[in-house]
Amino acid sequence: MTGRSERHAVLAVRLATVLALWGAWELLARSGLLYEGVVPSSLRVAAALAAELGDPLFYRDALWTAYEIVAGFALGTLAGVAAGIALGARRFAAAAAGPYIHGLASTPKIVFLPIVMLLCGVGAGSKIGMAALSAFFPVVIAAIAGMAEVDAVLVRVARSFNASASDLVRKVYLPSLVVPVTSGMRLGLGVATIGVLLAEIKFSDRGLGHRAIQHYQFFRVADMYAVLLATFALAVAANALMGRLARRR
Amino acid sequence: MRGWASSATGLACVAVLALLLELAVAAELIAGYVVAPPSAMLAALVTVVAEEPVLEDFCLTFGATLLSTLLAVLVGVPLGYLLHRRKLLGRAYESWIGALFSAPLVLLYPIFLVVFGRSIRVVIAMGFVVAVVPIILKTREGLAAVRPVLVNVARAFNASEAAVTTKVLLPAARPTIFTGVRLGLIYAMTNIVGIEFLANLSGLGFLVGELYDRYDIPGMYAAIVCLILTSALFYALTGRLERWVGAR
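Line order of the protein sequences matches chains A and B.
Using our numbering, you'd call the opening residue of the first sequence number 18 and step up by one each time.
Using our numbering, you'd call the opening residue of the second sequence number 7 and step up by one each time.
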């Protein structure tokens with residue numbers, strides 16, 4: 018059971034799986050079992066992907082979506098950490114707010130889209146709002162949980178040295194929140210991405226979500242798959258990056 | 007006593023917020039067509055419940071959530087078991103399944119619409135796709151964390167493989183598996199409401215979208231409040247169930 022031969026075996030299993038999935042896809046595409054065009058041949062998807070990656074408009078849409086996600090994610094994270102410290106510093110406040118935060122956190126955020134569109138308009142504002150709203154809850158829950166774990170001795174020592182509120186936040190709370198908040202941020206990035214893409218699908222004139230649904234509406238299915246593949250790859254890469262950052266701490 | 011005081015404070019804060027919102031709209035600090043004042047929301051709640059098929063939509067959304075999660079359990083638990091038993095498969099696939107977690111699978115809904123037609127099957131299939139991922143991962147995690155001594159004792163008493171699985175492994179992993187099931191339920195509901203809203207299928211998500219399209223703002227707020235209340239209830243109930251399963 019050496020590590021090397023096992024790695025080879027894992028690689029072989031993965032390769033075999035990719036080939037089997039590819040073969041199954043091609044068979045399905047050629048069998049005509051599903052409506053024509055729903056499962057286009059992988060060659061057509063590959064050609065569409067190449068066309069997308071060569072299209073400057075694809076990069077405009079991808080950058081636009083990334084901007085909306087990053088802006089909303091940053092806002093939601095900041096608000097989540099601030100609210101988490103404010104509530105988590107007092108046990109009583111955390112207990113009083115807890116049920117409402119958890120209740121809202123488990124509500125599908127998409128239903129707030131109409132409100133967000135009324136408040137922030139139908140442009141980038143509503144997408145940023147959806148991302149902020151989505152990212153806020155995992156972060157605030159992680160921050161409150163992290164605040165409950167802050168060593169009470171540290172707080173008492175800081176207080177006895179007459180630390181001001183801002184010292185307490187900067188020198189005690191924030192350093193002990195880094196680990197729980199980064200794991201909350203990882204979840205938050207995922208839901209912020211979904212929030213932005215869904216808002217773009219519902220109402221938008223640019224962005225990857227809009228691009229995918231535009232292809233769908235004109236029944237350019239291979240192009241839609243190409244956009245979806247690129248979007249999935251970007252989302253998975255962003256998540257892996259966040260995971261690496263979280264582990265570096 | 008403390009718990010009672012904190013929930014009373016929470017309720018009081020919500021009441022004060024509602025009052026402030028009411029005053030802000032009355033004083034025209036916030037436009038009434040953006041934020042419905044709570045009084046109009048309450049009035050709309052009555053008309054929405056009386057005129058819209060709220061109960062039917064509720065049953066559709068939650069029926070679809072439960073059914074898709076049930077399917078996900080039937081598929082996900084055996085798959086998680088397989089990944090645990092065949093270490094090679096587990097090592098090969100775990101990071102892939104983890105990556106599925108972060109992929110916005112909800113974007114697949116147009117394909118499902120074409121394959122299944124505009125029907126409840128789309129909703130169930132989309133719920134299934136997202137619910138099965140945490141169930142597979144948590145089943146594998148739970149099985150991997152079972153103390154080996156339990157399995158060894160069962161083997162020492164000549165228990166068959168099937169008996170080891172049903173009498174030792176699965177019961178020991180049950181709390182973790184249930185955590186996965188709970189995650190699956192919440193993910194399925196999120197996705198299902200999202201598709202109902204986006205694709206104008208029936209259900210609670212559709213109701214919110216339709217009231218917005220009709221520009222019935224107080225009614226839309228009322229429907230959103232209904233949805234928040236039901237998902238909060240859902241969260242609390244499954245949490246209680248999770249503790250109950252864990253304690254047994």
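Think of the CB as a built atom: it goes at the ideal place given N, C-alpha and C, for glycine as much as any other residue.
Counting only beta-carbon atoms, is residue i nearer than 7 Å to chain A?
{"i": "T185(B)", "result": "no"}
{"i": "A238(B)", "result": "yes"}
{"i": "V199(B)", "result": "yes"}
{"i": "V214(B)", "result": "yes"}
{"i": "I142(B)", "result": "no"}
{"i": "S12(B)", "result": "yes"}
For a cutoff of 7 Å on Cβ pairs, would you count residue i as touching chain B?
{"i": "T124(A)", "result": "yes"}
{"i": "G14(A)", "result": "Residue 14(A) cannot be examined here, being either before or after the span of chain A that is shown, 18 to 266."}
{"i": "L144(A)", "result": "In the sequence on display, residue 144(A) carries Lys and not Leu. Not an interface residue."}
{"i": "V252(A)", "result": "Reading the sequence as shown, one finds Ala at residue 252(A) and not Val. By this cut-off, A252(A) is an interface position."}
{"i": "I218(A)", "result": "yes"}
{"i": "I86(A)", "result": "no"}
{"i": "V139(A)", "result": "no"}
{"i": "R47(A)", "result": "no"}
Look at the alpha carbon of residue i and the alpha carbon of residue j, and state the distance between them as a whole number of angstroms.
{"i": "M18(A)", "j": "S181(A)", "result": "Residue placement at M18(A) is poorly supported in this model, since its pLDDT is 49, which falls under 50; the coordinates are not used for a value here."}
{"i": "T53(B)", "j": "F109(A)", "result": "37 Å"}
{"i": "A253(B)", "j": "L243(B)", "result": "15 Å"}
{"i": "A229(B)", "j": "A37(B)", "result": "20 Å"}
{"i": "I142(B)", "j": "A263(A)", "result": "24 Å"}
{"i": "K2(A)", "j": "S123(A)", "result": "Since the first and last residues shown for chain A are 18 and 266, residue 2(A) lies out of range."}
{"i": "V195(A)", "j": "F153(A)", "result": "16 Å"}
{"i": "Q234(A)", "j": "W81(A)", "result": "21 Å"}
{"i": "V22(B)", "j": "P224(B)", "result": "19 Å"}
{"i": "F64(B)", "j": "S237(B)", "result": "11 Å"}
{"i": "L258(A)", "j": "M134(A)", "result": "31 Å"}
{"i": "A29(A)", "j": "V187(B)", "result": "31 Å"}
{"i": "R77(A)", "j": "L171(A)", "result": "49 Å"}
In its own chain, which residues sit with a C-beta less than 6 Å from the C-beta of residue i, not counting the 5 before and 5 after it?
{"i": "I130(B)", "result": "A70, L73, S74"}
{"i": "V35(A)", "result": "none"}
{"i": "A111(A)", "result": "L104, G105, I161"}
{"i": "A88(A)", "result": "I145"}
{"i": "I230(A)", "result": "I218"}
Which residues in the same chain as residue i place their Cβ atom closer than 8 Å to its Cβ, once the five residues preceding and following it in sequence are excluded?
{"i": "A175(A)", "result": "D184, L185, K188, V189"}
{"i": "A169(B)", "result": "A160"}
Cutting at 7 Å between CB atoms, please list the residues of its own chain near residue i, excluding the five before and the five after it.
{"i": "F118(B)", "result": "V128, A131, M132"}
{"i": "A141(A)", "result": "E85"}
{"i": "L76(B)", "result": "none"}
{"i": "G200(B)", "result": "V112, G211"}
Say whether chain D places a C-beta atom closer than 7 Å to the C-beta of residue i.
{"i": "F203(B)", "result": "Checking the listed chains, one finds no chain D in this structure; the protein chains it contains are A and B."}
Compare the beta carbon distance of residue i and residue j with 7 Å and say whether it is the shorter of the two.
{"i": "R61(A)", "j": "A239(A)", "result": "yes"}
{"i": "I86(A)", "j": "A216(A)", "result": "no"}
{"i": "A269(A)", "j": "L94(B)", "result": "Nothing in the structure corresponds to residue 269(A), since chain A is present only between 18 and 266."}
{"i": "L233(B)", "j": "L247(B)", "result": "no"}
{"i": "G226(A)", "j": "L214(A)", "result": "yes"}
{"i": "V167(A)", "j": "S151(A)", "result": "no"}
{"i": "V55(A)", "j": "V120(B)", "result": "yes"}
{"i": "E147(B)", "j": "T182(B)", "result": "yes"}
> Quick one: any contact between the stretch 229–248 of chain A and the stretch 108–118 of chain A, if contact means 3 or more CB pairs under 8 Å?
Replying inline: no
> Per the contact definition of three or more C-beta pairs closer than 8 Å, is the stretch 118–138 of chain A in contact with the stretch 174–188 of chain A?
Replying inline: no
> Per the contact definition of three or more C-beta pairs closer than 8 Å, is the stretch 66–83 of chain A in contact with the stretch 136–144 of chain B?
Replying inline: no
> Does the stretch 103–115 of chain B come within contact of the stretch 221–237 of chain B, defined as at least 3 CB pairs closer than 8 Å?
Replying inline: no
> Do the stretch 200–207 of chain B and the stretch 29–36 of chain B make contact, defined as three or more Cβ pairs closer than 8 Å?
Replying inline: no
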